[in-house]
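Engineer: Take this structure, written in structure tokens, and hold onto it; I'll ask about it next.
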Amino acid sequence: MDNGCESQIPTKRAEKPAFLTRTTFNEFDLPPEVLAGLNDAGFTYCTPIQAQVLPISLTGQDVVGQAQTGTGKTAAFLVTVFTRLLALQERRVDRPSALIIAPTRELALQIYKDVEILGRHTGLSPAQVVGGIDYLKQAEVLRRGADIIICTPGRIIDYLKQGIFKTSGIKVLVIDEADRLFDLGFTKDMRYLLRKLPHYEKRQSMLFSATISYRVIELTYDYMNLPEIISITPEKITVEGVEQSLFHVGCHEKLPLLLGLLRRESWGKVLIFVNTKAGVEWISQKLKRNGWPADGITGDLPQRKRLRLMERFKDGSLKILVATDVASRGLHVEDVSHVINYDLPQDVENYIHRIGRTARAGKTGRAISLACEDYVYHLEPLEEMLGYNIPVAWPENDLFVEDKSGHVSTRLGKRGERFQDKQKRIKMGGALRKIRKKTAGSSKPSDVLGSAQGSEANSGTPISKVESRKKKRYPRGKKRSGAHGGGTSRQDKKGD
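Mapping of the sequence shown onto the working numbering: residues 1326 to 1821, in sequence order.
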């Protein structure tokens, strides 16, 4: 009987995920309200960045953390913010106590949702202040008051200059994805905003970045109080759980290879990165017309449409999302099985950001890159940064699938047309160069005159009428000065 009972008892307990540490949140002196939010979210063990940041940040010391997206850094600074604000004896309703700055609206929205989940028992009120949302409504929210402001730099500075946003009560500052803030050109805005906050000795500051560059170090030196620097190296994070591969192909072969990869791979959600907005529009339309459930997201899309696309991608109703680097920042989506770099990133650091969208929270994923003649020059510095060569895969002929979409017109107008023209020129090879050589060989005056007459015929406007218009612009006695306008130039006066 005893043997039967023993056989029903599991001999080995299920191990916790490998990406977590042995440190639990209960080991820290956290308020019960914060622990309740962590339990609701299912957080028991700390990730490496959380286990290293919290012992320092909970003492009130400034922290600089280097960590990738998907490593739990948001929970690390939110736990600190909640604990610090709950310890304040007096909080003014009309003065926010914490400011969290993010580079994109999507990331700010994600942080706002995390605040609602983790801080639901704290009684702290959050407010989101970003562009693309009703200006007057956000101003009214700021006037009513909020404890935590999650914002992008541009919109919050507008309210600051109008006196709607008050900074005197800020006790905690968080700068998330600082490297991307600089990449997007927010350097001057950030410095302006930080100068308007209370002195760094009167507040706690935390900064997080995927890479620690010179600009990030300079910012911490000027506006932080001797922060402790904690680094979770991106090289280790990118290797774990991400199967990387690289295809060397010509530009004209990239789309057929992409179609073949989508047909061959077993995927759940696919995130495809392209370097240009025109490329995003072109590829998403191509995929749709070839029967794939795809859509594109770029930085200039209206905010409502961007949010709808993100929600569809998150809930699985949209399986393939084509994006630029700027538009994808702050895109926190679980279960992305494949990241495809249709274009190699021109900024090598973006490679880490891109493939960090898969294999999140200890899961596995695939990162496939296509190196063509336009972007292969970025491969060498990319591999130097990684410290290893990305494994090369050679495609078989049957992996290339014919594009059946036909001509695609994009909403980007001339930019989209230029992108399509580029694809056509690639297929034509050296035909255009041969034509240029032939035309360059004829330099007779009659050829030049003929080309001028041809341009006149094409425009439909006689040269005489054009000249008469110019005369009407400059009436007699009021000719334009200078050699080109028919007046007396400075050089002519010297001759006189």
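Where a beta carbon is used, it is the ideal one built from N, C-alpha and C, also for glycine.
Note that the coordinates shown come from a computational prediction; the quantities given were computed from them, not determined experimentally.
Would you kindly work out how many angstroms separate the C-alpha atoms of A1535 and F1507, rounded to a whole number?
Structural biologist: As a first step, residue 1535 must be located in the sequence shown, where it is residue number 210. As a first step, residue 1507 must be located in the sequence shown, where it is residue number 182. Whole-angstrom Cα-Cα distance: 12 Å.
Engineer: With distances taken Cα to Cα, identify the nearest neighbour of A1309 among A1433, S1382, L1532, C1476.
Structural biologist: The chain is shown only over 1326 to 1821; residue 1309 falls outside these bounds and no answer can be derived.
Engineer: Could you tell me which of T1649, G1690, N1666 sits nearest to E1659, measuring between CA atoms?
Structural biologist: Your numbering for residue 1659 matches position 334 in the sequence shown. If we check each option's Cα against that of E1659, G1690 comes out closest.
Engineer: Grouping DSSP H, G and I as helix and E and B as strand, with all else coil, what is V1726?
Structural biologist: As a position in the sequence shown, residue 1726 is number 401, starting the count at 1. If DSSP states are grouped into helix, strand and coil, V1726 belongs with coil.
Engineer: How many Å lie between F1572 and L1586 at the Cα?
Structural biologist: The sequence position of residue 1572 within the sequence shown is 247, counting from 1. The sequence position of residue 1586 within the sequence shown is 261, counting from 1. Straight-line Cα distance between these residues: approximately 11 Å.
Engineer: Are at least three pairs of beta-carbons, each pair with one atom in the stretch 1475-1485 and one in the stretch 1401-1421, less than 8 Å apart?
Structural biologist: Contact between the stretch 1475-1485 and the stretch 1401-1421 is absent, because fewer than three Cβ pairs lie under 8 Å.
Engineer: Please identify the residue among D1723, L1704, L1724, F1725 whose C-alpha is closest to the C-alpha of I1715.
Structural biologist: Taking the sequence shown and counting its residues from 1, the one referred to as residue 1715 is at position 390. Closest option to I1715, Cα to Cα, is L1704.
Engineer: So what does DSSP say about V1440, is it helix, strand or coil?
Structural biologist: Against the sequence shown, residue 1440 aligns to sequence position 115. DSSP places V1440 in helix when its eight states are reduced to three.
Engineer: Expressed to the nearest angstrom, what Euclidean distance is found between the alpha-carbon atoms of L1360 and E1352?
Structural biologist: The residue labelled residue 1360 in the question sits at position 35 within the sequence shown. The residue labelled residue 1352 in the question sits at position 27 within the sequence shown. Straight-line Cα distance between these residues: approximately 11 Å.
Engineer: Output the distance between the C-alpha atoms of V1733 and H1663, rounded to the nearest integer angstrom.
Structural biologist: In the sequence shown, the residue the question calls residue 1733 occupies position 408. In the sequence shown, the residue the question calls residue 1663 occupies position 338. Answer to the nearest angstrom: the Cα atoms are 25 Å apart.
Engineer: Comparing alpha-carbon positions, which option in C1371, D1365, A1366, G1362 lies nearest F1350?
Structural biologist: Taking the first residue of the sequence shown as 1, we reach residue 1350 at position 25. Checked all of C1371, D1365, A1366, G1362; the closest Cα to F1350 is C1371.
Engineer: Compute the Euclidean distance between the alpha carbons of R1631 and I1622, then round it to the nearest angstrom.
Structural biologist: Within the sequence shown, residue 1631 is the residue found at index 306, counting from 1. Within the sequence shown, residue 1622 is the residue found at index 297, counting from 1. R1631 and I1622: Cα-Cα distance of roughly 7 Å.
Engineer: Excluding five sequence neighbours on each side, which residues of the same chain lie with their C-beta closer than 8 Å to the C-beta of L1345?
Structural biologist: Counted from its first residue, the sequence shown places residue 1345 at position 20. So the qualifying residues of the chain are Y1370, C1371, T1372, G1687.
Engineer: Could you give the distance in angstroms between the alpha-carbon of M1549 and the alpha-carbon of L1413?
Structural biologist: Position 224 of the sequence shown holds residue 1549. Position 88 of the sequence shown holds residue 1413. If you take the alpha carbons of M1549 and L1413, they lie about 21 Å apart.
Engineer: Going by DSSP in three states, A1361 sits in which element: helix, strand or coil?
Structural biologist: Working through the sequence shown from its first residue, we reach residue 1361 at position 36. Looking at A1361 - three-state DSSP - the assignment turns out to be helix.
Engineer: Quick one: give me the first and last residue of the alpha helix (DSSP H) that I1381 is part of.
Structural biologist: As a working mapping, residue 1381 is identified with position 56 in the sequence shown. I1381 -> alpha helix (DSSP H) spans 1373-1382.
Engineer: Measure how close the beta-carbons of I1475 and Y1437 come, nearest whole angstrom, since I'm counting them as under 8 Å.
Structural biologist: Counting from one through the sequence shown, the residue named residue 1475 turns up at place 150. Counting from one through the sequence shown, the residue named residue 1437 turns up at place 112. Confirmed, Cβ separation roughly 5 Å.
Engineer: If I'm right that T1447 touches G1390 with Cβ under 8 Å, what's the distance once you round it to whole angstroms?
Structural biologist: Against the sequence shown, residue 1447 aligns to sequence position 122. Against the sequence shown, residue 1390 aligns to sequence position 65. Not quite, the Cβ-Cβ distance comes to about 22 Å (not below 8 Å), so this is no contact.
Engineer: Evaluate the contact criterion for the stretch 1494-1510 versus the stretch 1523-1530: three or more CB pairs, one atom per stretch, below 8 Å.
Structural biologist: Taking 8 Å as the limit for Cβ pairs, the verdict is that the stretch 1523-1530 does touch the stretch 1494-1510.
Engineer: Could you tell me the alpha carbon to alpha carbon distance between I1542 and M1515, rounded to whole angstroms?
Structural biologist: Here residue 1542 is taken as the residue at index 217 of the sequence shown, counted from 1. Here residue 1515 is taken as the residue at index 190 of the sequence shown, counted from 1. If I take the Cα positions, the gap works out to 14 Å.
Engineer: Mind checking whether V1567 and I1680 have CB atoms under 7 Å apart?
Structural biologist: Locating residue 1567 in the sequence shown gives position 242, counting from the first residue. Locating residue 1680 in the sequence shown gives position 355, counting from the first residue. A contact, by the Cβ cut-off of 7 Å.
Engineer: Within 10 angstroms of its Cβ, does N1666 collect 16 or more other Cβ (buried), or is it exposed?
Structural biologist: Your numbering for residue 1666 matches position 341 in the sequence shown. Classification of N1666: buried, given that the 10 Å Cβ count is 16 or more.
Engineer: When you compare only the Cα positions, how much space is there between L1724 and K1602?
Structural biologist: In the sequence shown, the residue the question calls residue 1724 occupies position 399. In the sequence shown, the residue the question calls residue 1602 occupies position 277. Going from the Cα of L1724 to the Cα of K1602 covers about 27 Å.
Engineer: Check this for me: beta carbons of S1609 and V1647, under 7 Å apart or not?
Structural biologist: Numbered from 1 along the sequence shown, position 284 holds the residue referred to as residue 1609. Numbered from 1 along the sequence shown, position 322 holds the residue referred to as residue 1647. Yes; because the gap between Cβ atoms is below 7 Å, this pair is in contact.
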